[in-house]
Each structure stands twice: as structure tokens, then as C-alpha cells.
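A.B. asks:
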Amino acid sequence: MKRLLLVLAALLPASAAAQTVAIVNGRVAIGDGSPPVDHGTVLIRNGRIVAAGPSVAVPPDAQRIDAGGKWVTPGIVAGQSTLGLIEVEAVDRSNDVAAGGSPFSAAIDITPAVNAASSAIAINRARGTTRAIVVPAAAHYIFGGQGALVDTGSDREAVFAPRAFQFVELGETGAAQAGGTRAASFLFFRNAMLEARDYARNPSAYGGRATDDLLMRLDAAALVPVINGRIPLLVHVERASDILQVLDLRKDFPGLKLVLFGAQEGWLVADRIAAAHVPVLVSGLADLPAQFEDLAATQSNFGRLQRAGVQVALAEGGYASATRQAAGNLVALEKIPGAIGIDWNHALAAVTSGPAEAMGLGADFGSLRPGRRADVVIWDGDPLELESGPVLILIDGVQQSLETRQTKLRDRYRDLTASDLPPAYRR
Amino acid sequence: MKSGAMKGFASALIAALCLSGCAMQEKPKPGAIRINENPYPSTYQPYGSVPTLIRNATVLDGEGGRIDNGSVLLVNGKVEAVGGAEIAAPEGATVIDAGGHYVTPGVIDIHSHLGDYPSPGVQSLSDGNEATSPARPEVWAEHSVWPQDPGFSRAMANGGITSLQILPGSANLFGGRSVVLKNVPSRTVQGMKFPGAPYGLKMACGENPKRVYGERNQMPMTRMGNIAVDRQTWIKAQDYMRKIDKDPKTTRDLGLETLAGVLKGEILVQNHCYRADEMAIVLDMAKEFGYKVAAFHHAVEAYKIADLLRDADVCAAMWADWWGFKMEAYDAINENIALVHNAGACAIVHSDDENGIQRLNQEAAKVLGDARRMGLVIAPEVAWEWLSYNPAKALGIAARTGSLKPGKMADVVLWNGDPFSVYTRPERVWVDGALLYDAADPRRRPVSDFELGQPGEGDVK
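Just so you know, the protein sequences line up as chains E and F, in that order. The working numbering applies: residue 1 is where the first sequence begins, and numbers increase by one. The working numbering applies: residue 1 is where the second sequence begins, and numbers increase by one.
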């Protein structure tokens with residue numbers, strides 16, 4: 001009996017990842033900004049893309065999946081997410097996003113908090129999201145800590161890139177965290193960089209709180225890969241003037257690998273961002289002056305940044321379909337006089353390869369180009385249309401379940417006519 | 001009891017017929033105190049319009065009807081005719097060839113906090129919750145609405161919203177009176193008020209009231225506390241009605257006047273309530289005190305009791321896919337709206353959000369897709385009922401707006417494509433026949449005082 005179970009377990013995910021799979025007869029969009037092609041093939045081996053496009057030879061040993069002419073794309077990448085950190089947002093004990101009571105900040109590594117079995121991961125997977133940038137909130141100091149990249153696969157391992165970036169607040173929120181002003185938050189940041197530099201030079205001499213150093217030893221240590229540019233620094237700013245201040249930080253700290261996050265007024269200084277070669281993750285839908293730092297918010301921000309030559313991708317917060325919805329809405333702008341949208345091909349890239357490239361990991365995931373992780377979704381319609389949904393999802397080449405708590409609740413209550421037992425017996 | 005109910009019905013009718021500026025002109029009896037039933041009357045007057053014929057359009061009429069290659073004629077602020085190519089343009093009319101694009105009734109959001117929780121979201125402008133007592137029926141949302149909220153213009157230009165209900169928040173069990181607005185820019189809230197629309201009373205179940213007051217070690221701290229305070233409050237209202245009947249000189253009480261208005265059937269209950277079991281309790285409480293719930297808002301678990309809602313003739317206002325942000329939203333499913341609709345109950349897509357209000361048509365599209373994948377095929381023209389007719393019905397204004405029927409207000413959107421597509425936006429929006437938004441004309445794009453002189457002033461947003 002035990003032996004049989006082991007054999008079954010081995011048959012499911014591991015072997016699926018190891019074998020060669022060919023999705024044929026699809027309307028294939030690579031997710032790199034190129035247009036979709038009909039009768040396309042996606043060839044997968046060992047959980048990675050071998051090739052995708054119109055003329056891909058299918059080896060005879062490959063398992064063939066006929067897409068029947070349907071859309072085939074890379075899985076959606078959520079550019080701003082808390083996946084795995086929250087079960088129910090308003091239930092504090094199930095929410096691991098913000099550690100306001102911790103003495104640590106930059107050192108906080110969210111990896112141990114990510115729960116691969118969280119309902120939100122399954123729900124987002126079923127909507128076509130296969131990877132996410134998971135961002136911790138800055139709750140104590142301006143640094144939120146070390147974020148991670150996760151996949152939404154139905155296995156025990158969600159984090160595939162731990163400590164992938166550091167997160168810092170340098171706008172209105174940062175000012176509040178640093179004691180009340182922007183001047184204080186930028187000073188706090190500079191001080192932190194200097195202390196990290198001290199730590200890097202001689203860790204054993206670093207005083208920490210025992211002297212007048214502000215950062216705990218581990219916080220200073222965590223900022224070393226930031227100051228030397230080994231990992232990106234994701235900076236949340238919205239106001240145009242804040243963006244310029246952040247770009248200026250590289251004068252003193254040339255190693256910083258900046259990624260702007262938010263940047264609703266980015267379009268006002270698009271040329272400066274482009275010249276600095278700093279990637280930007282923005283919302284596609286924000287168009288209200290939600291705070292004084294985003295008075296100039298407009299849905300045309302993305303399009304205007306892109307036209308100025310900025311490397312830009314979408315980071316839409318919110319519900320499982322919000323990422324796709326934002327991408328589709330950017331396409332809609334192309335028909336509005338005076339608005340600047342983007343074409344469909346770039347809209348898909350904005351939610352697939354775009355976020356991956358912004359984090360410097362475009363060679364690993366986010367598109368159907370050779371060598372990328374085989375995260376593939378077959379859709380029952382145009383993937384940016386909201387009536388469409390996934391019919392088949394592969395993550396790392398492994399076919400995923402589309403079942404969630406939600407689908408089980410739906411099936412329990414789809415028929416309300418009384419039967420001989422209460423609904424609690426239906427599952 | 002019966003005659004009271006009849007009287008309530010009659011005065012509701014009078015209120016419904018009474019347009020702006022129409023005061024009750026009864027002579028006061030000697031010694032009686034004359035109560036002004038409408039102290040903050042609507043001053044809204046429709047803006048100028050020209051007779052307009054939209055031809056060659058796909059018309060979704062808001063009541064389940066669809067006309068391909070259809071025409072809609074707007075005259076004097078009203079829908080004059082809806083039909084096919086046979087409808088002729090009157091002398092001097094503007095004729096618009098829609099080129100197959102869609103024409104629908106304006107979208108109505110039954111759940112908005114624009115103006116009482118405006119942008120920017122600063123404390124100085126946050127006026128949605130009078131969280132000083134769990135029962136605050138005496139407050140009126142219209143006294144909080146800031147007409148300069150930039151959100152109104154986004155709702156029009158991106159969402160095709162022509163009417164909306166502004167509600168107090170849900171910190172309280174009795175949040176206060178709501179107000180129904182026309183989505184027209186104005187210096188004053190009176191200049192936005194939907195003439196003759198009944199008032200609503202915002203009520204709330206569940207987590208919010210018990211959290212807000214429980215944290216202060218006050219009642220209600222529990223769901224049973226919620227219902228106990230509700231019932232005690234209704235008992236006070238009944239008592240007040242008896243006293244007023246007996247002695248018209250009884251001291252006025254603003255809160256009890258609103259509650260009495262509910263018990264007389266003049267004010268509509270708009271009840272924030274997520275969970276199925278709580279909605280079932282509220283339905284019983286409404287029976288106990290002789291009032292009717294017009295709609296449950298945020299009815300995340302409506303699908304579990306869609307049959308009860310149908311039988312009670314209560315609408316459910318819902319999100320398409322908001323899930324899990326709080327415990328009472330944990331059982332949200334994407335097919336909720338479709339299942340409520342399919343059971344024959346009244347389904348409404350609502351926003352409760354200054355961003356969501358810009359895309360209620362897209363939210364409905366999500367529902368259509370999820371419904372189809374579970375085997376329920378719902379026609380787009382039927383789904384449009386969720387966006388205009390059903391909310392109008394739950395607001396008591398369905399005789400006047402919410403669908404494209406002759407004689408109704410010309411609250412109309414011409415979309416630049418299929419409005420269930422993510423690639424579609426409003427091309428023009430008319431409110432009472434007045435063209436208040438035209439995507440092709442930057443001069444037909446309202447800019448609030450707040451945004452004037454700011455970076456991005458007059459941008460397409």
C-alpha cells in the first residue's frame with residue numbers, strides 16, 4: 001500500500017515536469033511584446049520552455065496538448081502582491097505583511113511567512129496568475145524588508161527567489177515612518193546606507209544600537225547587497241519631486257539598483273527616469289488624487305512613460321483579475337482622444353515579462369522565450385478580456401488544479417432545492 | 001396598522017410625484033407644528049439639451065431588451081423613442097451615427113461614498129462615519145458630500161455613471177440617511193440631488209459595528225449585540241410614532257423621524273450585510289417591525305440564500321470578485337451575481353469604491369465569463385439590468401430612469417464598442433438629455449475646483 005502511494009505521487013508532479021510537452025494549435029503570444037501567432041506551438045522540456053512560435057518541431061515522444069485554436073500565453077505575473085502572506089487581510093493573526101512591533105526592518109525576510117497553501121494563492125492561480133512579486137510593508141522604519149518572488153503552484157514550495165529585493169518607502173508614507181517629514185526619511189535612508197557601508201567594511205567593528213548607529217546589526221547586513229547593487233531596491237514614491245530625489249541618490253550611492261514603485265506622477269519627469277535607466281512598476285488604473293503625492297495621477301502614466309523610453313511594467317494591487325484588467329484598460333486608452341495607451345502586445349508584456357525584467361529576472365520567467373520557466377496558460381478567450389478565463393495552467397511545466405475553496409462553495413450552493421441532507425454534506 | 005401602511009403608501013406616492021421645489025402646500029392646523037419634510041430640496045435642473053437621434057446603434061435598453069441597428073431619440077431631456085431605423089430625426093436634431101457602437105442607459109451605482117469619503121483621502125475630508133454611537137439615524141449623508149470630489153468626473157467619463165447613491169459608512173448599525181444624486185458637477189449638493197428620489201437609511205450588519213464599538217468596550221460587541229441594539233432602536237421608533245400620532249406637539253427627534261419614515265414605507269433601507277445567516281436574521285427583523293429592506297449591500301453570501309431573497313423581493317448589491325479581505329468576505333465566489341440572478345432574485349453590481357465605480361460594466365463582464373464557465377449563459381442585454389434598472393428599482397427611481405423607455409429621463413451612454421469588453425469606454429454621456437461628457441471634446445470634460453491649477457489639470461485621467 002505504501003509503495004503504491006509513492007508510485008502515484010511520483011507519477012503526478014515530478015514526471016510531468018520531467019517529460020516533454022507540446023501545446024499545439026494555439027494562438028500563441030510570447031509575452032515579450034511580439035504579436036500573437038495562430039497555429040503556434042509551445043514546446044516544454046524539464047519544466048522550461050524549449051521554443052514557442054509558428055514553426056516549432058514537435059519531437060515524437062512529446063505529450064501533445066491540442067489548444068484547439070485557443071489563446072496560449074505565459075502565466076500572469078502580479079507586480080505588486082501579498083500572495084502567501086495573507087489569508088484574511090483584516091484578521092491580524094493571518095496577516096504577515098507588516099511587522100510594526102518588530103525591532104527589525106531591512107533584515108526582515110518574508111520567506112518563512114509565505115504559505116504555499118494559502119487560499120489566495122489558489123484563487124489567483126485559478127485566475128491565471130502564476131508568479132508574483134511579494135512586497136512586505138514598511139511598518140516600523142522606512143524599510144519593509146526583503147521581498148521575494150513566489151509561484152502559485154499547488155506544491156509546498158512557493159518562494160523561488162527569496163531575498164530578491166529590498167523595499168523602502170520614500171514618499172508620504174516614508175515621511176511618516178521616519179518621524180514626520182520627507183527630509184527625515186531621506187536622511188534616515190542616507191544614514192542607513194552609510195551604516196551598511198561601515199558594516200560591509202568591518203562587520204565585527206559595527207556597533208549597532210550599542211553605539212550611536214541606528215540600524216541593528218542584521219538590518220545593516222541586509223542593506224549591504226542593496227548598496228552594492230546585488231539586489232534591486234524597490235522604492236515606493238509617487239510625487240514627481242520625490243522621484244527626482246530618489247534618482248539623485250545614485251550620486252552618493254552609485255551602486256544602487258533602483259526600481260521605482262508607484263510613480264503616479266512619473267509621466268511629469270519621464271525623460272529624467274528614462275535617462276537614469278531606472279525601471280518603473282506602476283498602476284494602470286490609478287487616476288485619482290488619492291493623496292497630495294499623486295495629484296497628477298492618470299491612466300496615461302504607463303503609456304507616456306513607455307513613449308519616453310522608460311522600462312515600465314504593471315503592478316496592480318487588488319483582486320485576482322486586477323492585473324489583467326489593468327492591462328486591458330491600457331489598451332482601451334488607445335481609442336480615447338488625448339489619452340496615451342499601449343498596444344495589446346505590450347499590454348500582455350506589461351503583466352508577464354515586464355515585471356520579471358524590472359526585477360532583473362526576465363531570463364528566468366515571464367515569457368515563452370526559450371529557457372524560461374514553463375508557466376503557460378490556455379485561455380477560453382482573449383486573455384485581457386474579463387469574460388475570459390484559464391482552461392489549463394502549467395507552472396514549471398506541471399499541470400495545475402483550477403479548483404479552489406470558491407469553486408467548491410459554488411458547487412455546493414449552485415442548486416438550492418432542498419435535498420434529503422443539508423448542504424454541509426455536499427462536497 | 002393597516003391604515004398607517006396605506007397612509008405611508010399614499011405619501012410615498014406624493015413624494016414621488018413631487019419634483020424639485022414642490023413644497024407641501026397644506027395649510028397648517030392651528031396649534032400644529034409645521035414640519036418641513038424637504039428642508040434641503042434639490043435645486044438640480046437639467047442642463048441644456050438639443051433633440052438628439054442616435055442611429056445605427058446596438059441598443060441595450062436596461063430591461064433585458066436589445067435592438068441591433070437601433071435608434072434612440074432624446075427630446076427635452078427625455079427618452080422620446082427607442083426602436084429601429086424607422087425613427088426619424090425631428091427638425092434641428094443632432095443626428096449621431098453610432099456606427100454599430102452600443103447605447104445603454106446610464107450606469108447607476110447604488111453604493112458609493114464619493115463626496116463623503118472623497119479624494120484626496122485626507123482626514124479633513126473624511127466625513128462618512130459618525131462613529132460616536134451605533135445608532136445615528138439622525139445624520140444625513142448629503143450634509144457630508146463635498147461636490148468637488150474629483151471622483152464624480154472619473155465615474156462619468158470612464159464609468160458612464162449618471163446616478164448614484166451616496167451612503168454613510170458602516171461603522172454604525174444605523175448609519176444615517178443616504179442621498180441619491182445625479183452625476184452632474186455642481187457647486188452644492190442640492191444642485192446634484194435627484195429630484196424626488198426617496199431617501200434611504202443605511203444600516204449595517206456584522207463585523208464593522210461590533211468591532212468599532214466593541215473595541216471601546218461599548219455595545220455592540222457581538223452580533224447578538226448588533227441585533228439587540230437594532231431591535232431596541234426600532235421599538236423606540238414605534239413608540240415615537242404612537243406619541244406623534246396622539247400628540248403632534250411631541251418634541252421632534254431627527255433620528256426617530258428617519259426611522260418612522262422607514263416604518264411608514266417612505267425611506268428605503270439599504271443594508272450592508274455580507275453573510276447569508278445574518279441576512280436571514282435581518283429579513284425576520286424587518287418582518288418583526290413591519291419594514292422592508294430594499295437591498296442588501298456587499299451581499300457576498302447572497303448565493304447561499306438566493307431563494308430567500310427572491311421570495312422576500314429584496315435586491316442584493318454585490319461585487320464581482322472581491323474576496324477574503326475580511327472574515328465576512330471569506331466565502332465570496334465569482335459566480336455570486338450570476339447565481340442570485342439565476343434564482344430569479346434582483347441582482348445589482350455595485351462598487352463601494354472610487355475606482356470600481358469607473359468600471360462597473362467590466363465587473364459585469366467578469367460575471368458573464370464565470371457564469372458561462374459554470375454553464376449559465378446570460379445575455380448581455382439581460383446583464384445590463386444589474387447596472388441600471390435593478391439599482392434604480394432598489395432606489396425607488398425606476399419609474400423615472402434606469403432604462404431606455406419613452407418618457408424616462410434621458411440618462412444615456414454611447415459607448416465606443418461593446419461595453420462588456422475591457423477595450424470599451426464611454427464616448428458620450430447624457431444626463432437628462434444634456435451632453436455632459438464627450439470623449440472627443442476636451443471642453444465637455446468637467447474639472448473640479450480641487451484639480452484646477454494642479455499638475456494634470458484637464459488631463460484625460
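By construction, the Cβ of each residue, glycine as well, lies at the ideal position given by its N, Cα and C atoms.
(1) Considering just the uninterrupted stretch of the alpha helix (DSSP H) at E:Lys408, what are its terminal residues?
(2) Flag E:Gly389 as yes if its beta-carbon sits less than 9 angstroms from any beta-carbon of chain F, otherwise no.
(3) Determine, using beta carbons only, whether E:Glu446 comes closer than 9 angstroms to chain F.
(4) Can you list the residues of chain E that F:Glu335 reaches, using a CB-CB cut of under 7 angstroms?
(5) One question on the structure: do F:Pro339 and E:Tyr413 come within less than 9 angstroms of each other, judged by their Cβ atoms?
(6) Let's test the definition: count the other Cβ atoms within 10 Å of the Cβ of F:Lys246 and tell me whether it reaches 16, buried, or not, exposed.
(7) Excluding the 5 residues preceding and the 5 following E:Pro423 in the sequence, name in chain order all residues of the same chain whose CB lies nearer than 6 angstroms to its CB.
(8) Between F:Tyr186 and chain E, is the shortest Cβ-Cβ distance under 9 angstroms, so that the two count as touching?
(9) According to a CB-to-CB cut-off of less than 8 angstroms, which residues of the segment 430-459 of chain F neighbour chain E?
(10) Who are the neighbours of E:Val58 on chain F, taking C-beta pairs under 7 angstroms?
(11) Mind checking if F:Ser421 is an interface residue toward chain E, Cβ cutoff 9 angstroms exclusive?
(12) Assign F:His350 to buried or exposed, taking buried as 16 or more other Cβ atoms, counted over all protein chains shown, within 10 Å of its Cβ.
(13) List, from N- to C-terminal side, the alpha helix (DSSP H) runs of 4 residues or more that fit wholly inside the segment 355-432 of chain F.
(14) Is it a yes or a no for the segment 105-113 of chain E touching the segment 54-73 of chain E, going by three-plus beta-carbon pairs under 8 angstroms?
(15) F:Glu80 lies in the beta strand (DSSP E); which residues open and close that run?
(16) Going along chain E in order, which residues have a C-beta closer than 8 angstroms to the C-beta of F:Trp322?
(17) Using a cut-off of 9 angstroms between C-beta atoms, extract the partners of F:Pro354 located in chain E.
(18) Given a threshold of 16 other Cβ atoms within 10 Å of its Cβ, counted over all protein chains shown, does F:Glu215 qualify as buried or as exposed?
(19) Between the segment 273-292 of chain F and the segment 200-214 of chain F, do three or more beta carbon pairs fall short of 8 angstroms?
(20) Using the beta-carbon of each residue, which ones in chain E are nearer than 8 angstroms to F:Gly151?
(21) Identify the contact partners of E:Pro337 in chain F, using a Cβ-Cβ distance below 7 angstroms as the criterion.
(22) Below 7 angstroms between beta carbons is the criterion; list the residues of the segment 106-128 of chain E that meet it against any residue of chain F, in chain order.
(23) Check the Cβ of F:Asn416 against every Cβ in chain E and list those closer than 9 angstroms, keeping chain order.
(24) Out of curiosity, what's the CA-to-CA distance linking F:Thr58 and F:Ala379?
(25) What would DSSP say about F:Lys182, mapped onto helix, strand or coil?
(26) So is E:Gln306 in contact with chain F if we call contact Cβ pairs under 9 angstroms?
(27) Counting only Cβ pairs nearer than 7 angstroms, list the residues of chain E close to F:Ser119.
(28) What is the DSSP secondary structure of F:Leu201, counted as helix, strand or coil?
(29) Quick one: does E:Asp38 have its CB under 9 angstroms from some CB of chain F?
(30) By Cβ distance below 6 angstroms, which residues in the same chain neighbour F:Phe420 in space, the five residues on each side in sequence not counted?
(31) For F:Lys193, verify whether its CB is less than 8 angstroms away from any heavy atom of the ligand GTP.
(32) For E:Ser185 and E:Pro289, I'd like the C-alpha separation in whole angstroms.
(33) Which partner residues does E:Leu218 have in the DSSP bridge list?
(34) Apply the 10 Å Cβ neighbour rule to F:Lys461 and answer buried if 16 or more other Cβ atoms are within range, or exposed otherwise.
(35) Which of the three DSSP states, helix, strand or coil, is assigned to E:Trp267?
(36) Please say whether E:Leu43 and E:Pro59 have beta carbons closer to each other than 9 angstroms?
C.D. replies: Taking the structure as given:
(1) The residue labelled residue 408 of chain E in the question sits at position 408 within the first sequence. Here the alpha helix (DSSP H) through E:Lys408 covers 405-413.
(2) Reading the first sequence from its first residue, position 389 is the one you call residue 389 of chain E. Closer than 9 angstroms: yes.
(3) The structure shown does not extend to residue 446 of chain E, since chain E is modelled only from 1 through 427, so no value can be given for it.
(4) Position 335 of the second sequence holds residue 335 of chain F. Here the neighbours are Arg410.
(5) Counted from its first residue, the second sequence places residue 339 of chain F at position 339. Counted from its first residue, the first sequence places residue 413 of chain E at position 413. It should be pointed out that residue 339 of chain F corresponds to Leu in this sequence rather than to Pro. Closer than 9 angstroms, so yes.
(6) To locate residue 246 of chain F, count along the second sequence from 1; it is residue 246. Answer is exposed; the Cβ neighbour count stays below 16.
(7) Locating residue 423 of chain E in the first sequence gives position 423, counting from the first residue. Arg412, listed in sequence order.
(8) Stepping through the second sequence from its first residue, residue 186 of chain F is reached at position 186. Residue identity differs from the one stated: residue 186 of chain F is Ser in this sequence, not Tyr. For F:Ser186, the answer is no, since every Cβ of chain E falls outside 9 angstroms of its Cβ.
(9) Ala439, Ala440, Pro442, Phe450, Glu451, Gln454, Pro455, Gly456, Asp459
(10) Taking the first residue of the first sequence as position 1, residue 58 of chain E is located at position 58. Neighbours of E:Val58 on chain F: none; closest Cβ ~29 angstroms, over 7 angstroms.
(11) Stepping through the second sequence from its first residue, residue 421 of chain F is reached at position 421. Yes, F:Ser421 counts as interfacial toward chain E.
(12) In the second sequence, counting from the first residue as 1, residue 350 of chain F sits at position 350. Buried, because 16 or more other Cβ atoms sit within 10 Å of the Cβ of F:His350.
(13) 360-373, 380-383, 389-395
(14) no
(15) To locate residue 80 of chain F, count along the second sequence from 1; it is residue 80. Its beta strand (DSSP E) spans residues 78-83.
(16) By one-based count along the second sequence, residue 322 of chain F stands at place 322. Within 8 angstroms Cβ-Cβ: Tyr319.
(17) Within the second sequence, the letter at position 354 stands for residue 354 of chain F. One detail in the question is off: residue 354 of chain F reads as Glu in this sequence, not Pro. Leu288, Ala290, listed in chain order.
(18) As a working mapping, residue 215 of chain F is identified with position 215 in the second sequence. Label assigned to F:Glu215: exposed.
(19) yes
(20) Taking the second sequence and counting its residues from 1, the one referred to as residue 151 of chain F is at position 151. Ordered by position in chain E, the residues that pass the 8 angstroms Cβ test against F:Gly151 are Leu288.
(21) Start at 1 with the first residue of the first sequence, and residue 337 of chain E comes out as number 337. The answer, in chain order, is Ala439, Ala440.
(22) Ser119, Ala120, Ile123
(23) Taking the first residue of the second sequence as 1, we reach residue 416 of chain F at position 416. Neighbours of F:Asn416 on chain E, chain order: Ala332, Lys335, Ile336.
(24) Mapped onto the second sequence, residue 58 of chain F falls at position 58. Mapped onto the second sequence, residue 379 of chain F falls at position 379. When rounded, the distance between both Cα atoms is 14 angstroms.
(25) Sequence index remark: in the second sequence, residue 182 of chain F carries index 182 (1-based). Reduced to three states, the DSSP call for F:Lys182 is strand.
(26) The sequence position of residue 306 of chain E within the first sequence is 306, counting from 1. Not one chain F Cβ lies under 9 angstroms of E:Gln306.
(27) Looking up residue 119 of chain F in the second sequence gives position 119. Those are Leu288, Pro289, Ala290, listed as they occur along chain E.
(28) Counting from one through the second sequence, the residue named residue 201 of chain F turns up at place 201. Annotated three-state conformation of F:Leu201 is strand, per DSSP.
(29) Looking up residue 38 of chain E in the first sequence gives position 38. E:Asp38 does not count as touching chain F.
(30) Within the second sequence, residue 420 of chain F is the residue found at index 420, counting from 1. Cβ within range, chain order: Ala365, Pro380.
(31) In the structure shown, the ligand GTP is absent, as is every other ligand, since no ligand is present at all.
(32) As a first step, residue 185 of chain E is located in the first sequence; it is residue number 185 there, counting from the start. As a first step, residue 289 of chain E is located in the first sequence; it is residue number 289 there, counting from the start. Going by the C-alpha atoms only, they are around 22 angstroms apart.
(33) Walking along the first sequence from the start, residue 218 of chain E turns up at place 218. According to DSSP, which records beta bridges pairwise, E:Leu218 is partnered with nothing at all.
(34) Here the question's residue 461 of chain F lines up with position 461 in the second sequence. By the 10 Å Cβ count, F:Lys461 comes out buried.
(35) Your numbering for residue 267 of chain E matches position 267 in the first sequence. E:Trp267 falls in the helix class under three-state DSSP.
(36) Here residue 59 of chain E is taken as the residue at index 59 of the first sequence, counted from 1. Here residue 43 of chain E is taken as the residue at index 43 of the first sequence, counted from 1. Yes, they are a contact pair.
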